[in-house]
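The next block holds one structure in the form of structure tokens; read it before the comments.
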Amino acid sequence: MKVLFLLFAVLTLIEISQQQSPTCPTGMQYRTCGSQCPLTCENRDDDVVCPAVCVSGCFCPSGQALVDNDTCIDPEMCPNSTETRNCTGGMVFRLCGSACNLNVTCENVDVPRTCAAVCVSDCFCPTGTALQDDVCTRCPTSSSSAASVSGLLIFSLLLLYLLVLNNN
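According to mature numbering (1 follows the signal peptide of the UniProt record, and there is no 0), the sequence shown holds residues -19 to -1, 1 to 149 in order.
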């Protein structure tokens, strides 16, 4: 009976470890019931008529405006520019990007940076990618969540085996 309970507990832990809670870009918050029409730099001066429908997802804190789909700033800091630029290598133009994200490569992606909280209009790699040979790409990582789940499973099975041996 102890073994069955232990096996159930181990399988439950593995299932919980595989579930991922929603993660949002830095400065954003996950909400289960947010506005379908959040404040953005593009609509900050418009009279937006929005249906009262709950939408789950990542949202800016109250009073902040969304710019470039993943950055929250005070509405007064929204850029007035309608400038666009053709970007290469999978980069996208942002009116309000972070200077910390300029010239990030797979070789320096983990290097800590200190940057001023100002908008920079330039070409940036999409979130989760960095430049490698002048093309935005997902950089190889040193650890994998799949590897950690496999490690947990192996450890749990070893523990279960030792408990069974101990009870016999």
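Ideal Cβ positions, reconstructed from N, Cα and C, are used throughout, including at glycine.
Exercise. Thinking C-alpha only, which one of F74, C117 and T69 is nearest T86?
Worked result: C117
Problem set entry | Beta-carbon contacts of C81 that lie in its chain and below 7 Å, excluding the five residues immediately before and after | The answer, listed in chain order, is R94 and C96.
Exercise. Buried or exposed: where does A46 fall if 16 or more other Cβ atoms within 10 Å of its Cβ makes it buried?
Worked result: buried
Problem set entry | Inter-residue Cα distance where the pair is C120 and T7 | Approximately 19 Å between the Cα atoms of the pair.
Exercise. Taking just the CA atoms, how far does Q113 sit from N148?
Worked result: 55 Å
Exercise. Excluding five sequence neighbours on each side, which residues of the same chain lie with their C-beta closer than 7 Å to the C-beta of C31?
Worked result: S16, Q17 and C18
For this session: State the Cα-Cα distance for the pair M58 and C100, rounded to the nearest angstrom.
Result: The alpha-carbon atoms of M58 and C100 are separated by roughly 8 Å.
Exercise. Thinking C-beta only, is C68 closer than 9 Å to V48?
Worked result: Cβ atoms of V48 and C68: not closer than 9 Å.
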